[in-house]
Every structure is written in C-alpha cells, then in structure tokens.
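Chemist:
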Amino acid sequence: MKQSVKNQLIEWAEKYNDPVYFQEDPVMFPRKFAQDMAEGRAVLQDVEIAALFAAHFAWGRREMIVRDCNRLFEEMQWRPFDYVKTGDWRDEDASIHRTTKWSDVARICKRLKEWYFWHGSLEPLTQDELRTTIFRQKSDPKAPNKKINMMRRWMVRDDGKVDLGLWKKTKKTDLIIPLDVHVYSRAVACGLTRRKQKDLRTAMEITDSFREIFPDDPCLGDFALFGYDIDKEKDA
Numbered sequence: 006m007k008q009s010v011k012n013q014l015i016e017w018a019e020k021y022n023d024p025v026y027f028q029e030d031p032v033m034f035p036r037k038f039a040q041d042m043a044e045g046r047a048v049l050q051d052v053e054i055a056a057l058f059a060a061h062f063a064w065g066r067r068e069m070i071v072r073d074c075n076r077l078f079e080e081m082q083w084r085p086f087d088y089v090k091t092g093d094w095r096d097e098d099a100s101i102h103r104t105t106k107w108s109d110v111a112r113i114c115k116r117l118k119e120w121y122f123w124h125g126s127l128e129p130l131t132q133d134e135l136r137t138t139i140f141r142q143k144s145d146p147k148a149p150n151k152k153i154n155m156m157r158r159w160m161v162r163d164d165g166k167v168d169l170g171l172w173k174k175t176k177k178t179d180l181i182i183p184l185d186v187h188v189y190s191r192a193v194a195c196g197l198t199r200r201k202q203k204d205l206r207t208a209m210e211i212t213d214s215f216r217e218i219f220p221d222d223p224c225l226g227d228f229a230l231f232g233y234d235i236d237k238e239k240d241a
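The sequence shown runs 6 to 241 under the numbering used here.
1. With a 10 Å radius around its C-beta and 16 neighbouring C-beta atoms as the bar for buried, classify residue 122 as buried or exposed.
2. In this structure, does DSSP put residue 101 in helix, strand or coil?
3. Among the residues of its own chain, which have a CB less than 6 Å from the CB of residue 102, if the five just before and after it don't count?
4. Would residue 87 and residue 111 be called neighbours here (beta carbons separated by less than 9 Å)?
5. Per DSSP, what kind of secondary structure is residue 90 in: helix, strand or coil?
6. Can the beta-carbon of residue 105 be found less than 9 Å from the beta-carbon of residue 149?
7. May I ask which residues mark the beginning and end of the alpha helix (DSSP H) holding residue 195?
8. Nearest by alpha-carbon distance to residue 203: which of 215, 183, 214 is it?
9. Where does residue 106 fall in DSSP's three states?
10. Should residue 56 be labelled buried (16 or more other beta-carbon atoms within 10 Å of its own) or exposed?
11. In three-state terms, what does DSSP make of residue 28?
12. Take the Cβ of residue 53 as the centre, count every other Cβ of all protein chains shown within 10 Å, and call the residue buried at 16 or more, exposed below.
13. If we count Cβ pairs, one from each stretch, closer than 8 Å, do we get three or more for the segment 217-225 versus the segment 24-35?
14. Can you give the beta carbon distance from residue 161 to residue 177, rounded, assuming they're within the 8 Å contact cut?
15. Would residue 226 and residue 49 qualify as a contact pair, given that the criterion is a beta-carbon distance under 9 Å?
16. Taking DSSP as the reference, what is the three-state secondary structure of residue 128?
17. Which residues in the same chain have their Cβ closer than 7 Å to the Cβ of residue 181, if we skip the five residues on either side of it in sequence?
18. Mind checking residue 91: buried by the 16 CB within 10 Å criterion, or exposed?
19. I want to see whether chain E comes within less than 9 Å of residue 194, judged by CB atoms only; does it?
20. Is the beta carbon of residue 32 closer than 9 Å to that of residue 245?
21. Is it right to say residue 145 is buried, meaning 16 or more other beta carbons lie within 10 angstroms of its own, or is it exposed?
22. If we call anything under 9 Å between Cβ atoms a contact, is residue 205 one with residue 147?
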C-alpha cells in the first residue's frame with residue numbers, strides 16, 4: 006500500500022471517528038442506552054438489544070433507519086430488555102422496516118428471551134452463532150455478516166468516541182469490517198482489495214489491509230471508508 010494512501014486513510018479515520026458525524030445514525034440508539042446505563046437507568050442487555058436491532062435495521066437511507074428504530078423502541082417503551090422478557094410482543098405481518106415485519110421482530114425477541122434466561126450477555130456468541138441462534142439463518146461460512154459485525158464493532162471498540170466499548174472479553178483485533186456494497190466499492194477504490202466477491206473472505210482481506218495501518222484496531226478503518234464517501238461528495 007502506498008504511503009500516500011495510508012496517510013489519507015489515517016487522516017479520514019481520525020477526522021470521522023467523531024460523534025458529530027453520527028448524530029442521526031443507527032448507532033445513536035445503543036449510545037442512548039449506554040448513557041442511560043452509565044446513569045443507572047438501563048442495563049447491559051438494554052444496550053445489546055438496541056445494538057442488535059439498530060444494526061439489523063441498518064439497510065437503506067439513514068433517516069429511514071432512524072425513523073423505524075424510533076418506532077421500534079417506542080413500541081418497547083424505551084425498555085428493550087423488559088420488553089423482551091415480557092413475552093408480549095407485537096406480532097403481525099405489517100412492516101416495521103422495509104421487508105422486516107413486526108412478526109420477525111417478535112421471533113427475534115423470543116430467541117433473545119430464551120438466550121437471556123441462561124446467559125447474561127450476547128457477547129459469547131460468535132458471528133455465526135448470532136446468525137443461527139438469534140436470527141435463525143442458516144450457517145454460511147462465506148457470509149460477510151455485515152449487520153452482526155457492525156453490532157460487534159459498536160459493542161467492542163473502546164476509544165470513547167462513537168463506539169461503546171462495553172464488551173470487554175472480545176479483542177478489537179478479532180473484529181471484522183462490516184462489509185456491504187458501499188464499503189466494498191470504497192475499499193476497492195482505495196486499493197484495499199481486488200476480489201470480486203462481496204463475501205467473508207473479502208471482508209477479512211479489507212480488515213487485514215487495515216491491520217497494516219491500525220494493527221491494534223483494524224476496524225478503525227471503517228471510519229476511514231466512511232470519510233472517503235464524504236470527501237468524494239465534497240469534490241463532486
């Protein structure tokens with residue numbers, strides 16, 4: 006990787022790893038519950054459930070994602086863990102977010118309730134275990150699991166800026182860049198991968214490219230790719 010590219014990525018990461026750029030972003034919801042937790046008004050499970058659903062809804066325009074997350078947490082009366090534990094979930098075929106229905110949310114809540122009956126946190130679940138246990142999707146060793154890796158980034162990274170740092174047993178070096186079409190195109194433009202498939206191997210390759218720049222915290226590079234988009238919009 007050229008030094009000029011490294012320097013640019015470092016500059017973007019330092020600039021855009023800042024809450025000011027994420028005030029209307031799905032991460033605002035777990036951040037709100039994390040603040041409530043710090044003030045004694047919420048528990049870790051509230052933050053985890055908020056992060057799980059906010060990441061699950063992270064598909065489409067940010068204003069739509071934020072709108073629909075607000076609808077969900079209003080239904081939960083802003084007490085996600087209590088809502089999950091009740092077993093009384095809104096269960097109908099009406100959409101809550103794009104193709105996600107309230108009945109889908111109810112099924113996820115059922116699995117969360119079952120998990121939390123035996124466990125205090127979602128942290129022990131691997132990416133694939135979250136996929137199969139909570140979302141009941143088939144195991145797929147090639148899937149990039151973008152939404153799950155986004156949630157894990159929020160919960161693990163601990164620099165006190167955008168991400169929350171509440172999961173203490175998971176290393177930042179074990180995180181994987183949340184890969185979607187937009188992240189992929191930015192990464193290709195920056196020369197971080199040449200692979201054509203948008204799969205787990207590509208996500209790992211992009212993450213490994215960032216290890217050269219941020220060896221102790223490769224997912225800091227996610228903010229650099231976010232910055233790439235903003236700077237290109239300015240130049241347009």
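Where a beta carbon is used, it is the ideal one built from N, C-alpha and C, also for glycine. Everything numeric in this text was worked out from a predicted model, so none of it was measured.
Modeler: Working from what's here:
1. By the neighbour-count rule (16 or more Cβ atoms within 10 Å), residue 122 is not buried but exposed.
2. Shown here, residue 101 sits in a strand according to DSSP, grouped into three states.
3. Answer for residue 102: 62, 73, listed in chain order.
4. Not a contact, by the Cβ cut-off of 9 Å.
5. DSSP places residue 90 in helix when its eight states are reduced to three.
6. No, these two residues do not count as a Cβ contact at 9 Å.
7. It is not in any alpha helix (DSSP H) - residue 195 carries neither H nor E in the DSSP assignment.
8. With respect to the C-alpha of residue 203, the residue from 215, 183, 214 having the closest C-alpha is 183.
9. In the structure shown, residue 106 sits in a strand (DSSP, three-state: E or B).
10. Counting Cβ neighbours within 10 Å, residue 56 comes out buried, since at least 16 surround it.
11. The answer is coil: DSSP assigns residue 28 none of H, G, I, E or B.
12. Counting C-beta atoms within 10 angstroms of its own C-beta, residue 53 has 16 or more neighbours from the protein chains shown and is therefore classed as buried.
13. The segment 217-225 makes no contact with the segment 24-35: fewer than 3 CB pairs, one atom from each, lie closer than 8 Å.
14. Between residue 177 and residue 161 the Cβ distance is about 6 Å, and since that is below 8 Å, they are a contact.
15. Taking a C-beta distance under 9 Å as the contact criterion, residue 226 and residue 49 do not qualify as a contact pair.
16. In this structure, residue 128 counts as coil in the three-state DSSP scheme.
17. So the qualifying residues of the chain are 154, 208, 209, 212.
18. With a 10 Å radius around the Cβ and a threshold of 16 neighbouring Cβ atoms, residue 91 comes out exposed.
19. Considering every chain present, this structure includes no chain E. It has just one protein chain.
20. The structure shown does not extend to residue 245, since the chain spans only 6 to 241, so no value can be given for it.
21. Under this definition residue 145 is an exposed residue.
22. Cβ atoms of residue 205 and residue 147: closer than 9 Å.
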